[in-house]
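In full-length UniProt numbering, the protein residues as written are 1 to 135.
Single-structure report; data block below.
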């Protein structure tokens, strides 16, 4: 089951942080169709937030067709976001863990790692776009 974590420094709304975490879990196969999301009351208590915030996140997931609420039972995942790449993720995750340990040993903070990854992704996309342009 997913455990939500909030980033108080994030500019992203609390409910959207919950939505994003569910989507990430769906992409990497941590959640699958039929899995139950944590009860609204439990999430609200563990994160010290208003239950309406959790309800708003779960409603957003329902609107996007990723979950459905069953009155008196809970909210359940209805579809996955994991693609064909899911089979390759275990090996890639192991390599990434090694890389993250090296980055930490080199003194990079979580924010440094995120910035490095984000800027590298953008640079790679730009390089790919330039290569794809006809000469």
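Every residue, glycine too, gets a C-beta built ideally from N, C-alpha and C.
Computed from a prediction, not measured in an experiment: that's the story for all the values here.
message: Suppose the cutoff is 6 angstroms on Cβ atoms and the five residues either side in sequence are ignored; what does the same chain contact list for residue 75 look like?
response: 37, 58, 67, 69
query: Could you give the uninterrupted runs of the beta strand (DSSP E) lying entirely in the region 51-125, keeping only those of 3 residues or more?
result: 67-70, 74-77
- prompt: When the distance is taken between beta carbons, is residue 19 closer than 8 angstroms to residue 60?
  reply: yes
query: Going by beta carbon distance, what residues of the same chain come within less than 7 angstroms of residue 78, once the five residues before and after it are set aside?
result: 33, 65, 66, 67, 68
- request: Take residue 54 and list the residues in its own chain whose beta-carbon comes closer than 6 angstroms to its own, dropping the five residues that flank it on each side.
  value: 40, 43, 44
query: In terms of residue numbering, what span does the alpha helix (DSSP H) encompassing residue 46 cover?
result: 40-47
- request: Mind reading off the beta-carbon distance from residue 29 to residue 116? Whole number of angstroms is fine, and I expect it under 8 angstroms.
  value: So it is not a contact: roughly 25 angstroms between Cβ atoms.
Proximal residues to residue 134 (C-beta, below 6 angstroms), its chain only, five neighbours per side dropped: none
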